[in-house]
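Notes follow once the structure below has been shown.
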Amino acid sequence: MALLEYDIVYTSQKAIKGSVLAEQLAYHPLDEYHRLSHEFSDEHIMATKKDEQEADLDEWKLWFDEASNLLGNGIGVVLASPKGQYFPSSARLGFDCTNNMVEYEACAMGITMAIEHQVSRLKVFGDSTSVIYQLGGEWETRDTKLVPYHAHIMALREHFDEISFHYVLWDKNQMVDALATLSAMSKQTVANKLPYMSDSKLRWPTAN
85 MALLEYDIVY TSQKAIKGSV LAEQLAYHPL DEYHRLSHEF SDEHIMATKK DEQEADLDEW
145 KLWFDEASNL LGNGIGVVLA SPKGQYFPSS ARLGFDCTNN MVEYEACAMG ITMAIEHQVS
205 RLKVFGDSTS VIYQLGGEWE TRDTKLVPYH AHIMALREHF DEISFHYVLW DKNQMVDALA
265 TLSAMSKQTV ANKLPYMSDS KLRWPTAN
């Protein structure tokens with residue numbers, strides 16, 4: 085009512101960046117797996133902004149991130165189709181690991197999602213310099229804990245005609261960071277609000 089005095093009309097935000105949702109999911113993971121459902125009414129669902137650069141007709145994009153707190157480690161990813169469809173997913177890690185291991189877990193989960201969607205061309209975005217530059221070939225992977233992860237993702241690369249890895253600043257990766265935050269806080273139930281979101285718990289490392 086106070087806004088009417090100044091002829092100000094409040095309009096709620098209808099669009100979010102693709103990376104913000106993934107970050108939130110990673111900080112609030114769920115222990116139980118919820119089946120991914122793509123059939124839902126688009127009424128009252130927020131739209132997601134496309135990147136400024138239009139993607140090629142067959143090029144998909146993937147954002148990944150991790151989150152760690154006293155409750156555990158969470159990972160979040162968002163897979164985006166060339167048509168602007170967004171597929172967020174998150175998981176809580178049920179084992180001890182370093183921050184870089186968590187980042188690799190997130191990246192591996194996202195790439196696996198892309199394979200399941202039969203993606204042939206993929207751009208991968210993350211805010212971990214170590215993981216992105218190691219996977220891109222700019223840096224050498226020397227940490228013995230990370231070598232198996234690097235080898236695992238290199239094997240996954242064979243499923244694509246083209247895949248590339250790109251570093252993004254943290255503030256450009258907020259959706260995925262939000263997903264990771266959601267996943268790390270396992271007591272929160274977000275699937276009721278986002279029926280199209282997939283959440284699970286990983287009890288063992290992806291790469292051994």
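The opening position of the sequence shown corresponds to residue 85 in the numbering used here, with each subsequent residue numbered one higher. For every residue, glycine included, the Cβ atom is placed at its ideal position computed from N, Cα and C. From a predicted model like this one, the values you see are computed outputs, not experimental measurements.
What number of angstroms, rounded off, separates the C-alpha of Glu222 from the C-alpha of Phe249?
11 angstroms
Do Asp211 and Asn184 come within 9 angstroms of each other at the CB atom, strictly closer than that value?
no
Reference Val231; option with closest CA among Glu242, Arg241, Glu150, Gln218:
Gln218
For Phe148, count the other beta carbons within 10 Å of its own beta carbon; 16 or more makes it buried, fewer makes it exposed. Which is it?
buried
Proximity to Ser214 [Cα-Cα], best of Tyr251, Asp245, Ala239, Ala190
Tyr251
Buried or exposed: Thr182, going by 16 or more other Cβ atoms within 10 Å of its Cβ?
exposed
What would DSSP say about Lys146, mapped onto helix, strand or coil?
According to the sequence provided, residue 146 is Leu. The question's Lys does not apply to it. It is a strand residue.
Proximal residues to Ala139 (C-beta, below 6 angstroms), its chain only, five neighbours per side dropped
Caution is warranted here: a pLDDT of 44 is assigned to Ala139, below 50, making its placement in the model unreliable, and no coordinate value can be reported.
On the DSSP bridge list, what partners appear for Pro172?
Val162
On the premise that His201 lies in contact with Leu163, defined as a C-beta separation below 8 angstroms, what is that separation, rounded to the nearest angstrom?
7 angstroms
Rounded distance between the beta-carbons of Tyr233 and Ala192, thought under 8 angstroms
7 angstroms
Tell me the residue span of the beta strand (DSSP E) that contains Ser248.
246 to 251
With DSSP collapsed to three states, give me the class of Gly210.
strand
Alpha carbon to alpha carbon, how far is Leu177 from Glu187?
11 angstroms
Nearest to Ser173 by alpha carbon, out of Ala190, Leu253, Arg241?
Ala190
Residue of Glu143, Ile247, Ser152, Ile199 minimising C-alpha distance to Gly168:
Glu143
Spatial neighbours of Val327 in its chain, beta-carbon cut-off 6 angstroms, leaving aside the 5 residues before and after:
This structure does not reach residue 327, given that the chain is present from 85 up to 292, and the question cannot be answered.
Rounded straight-line distance, which links the Cα of Ala151 to that of Gly194
15 angstroms
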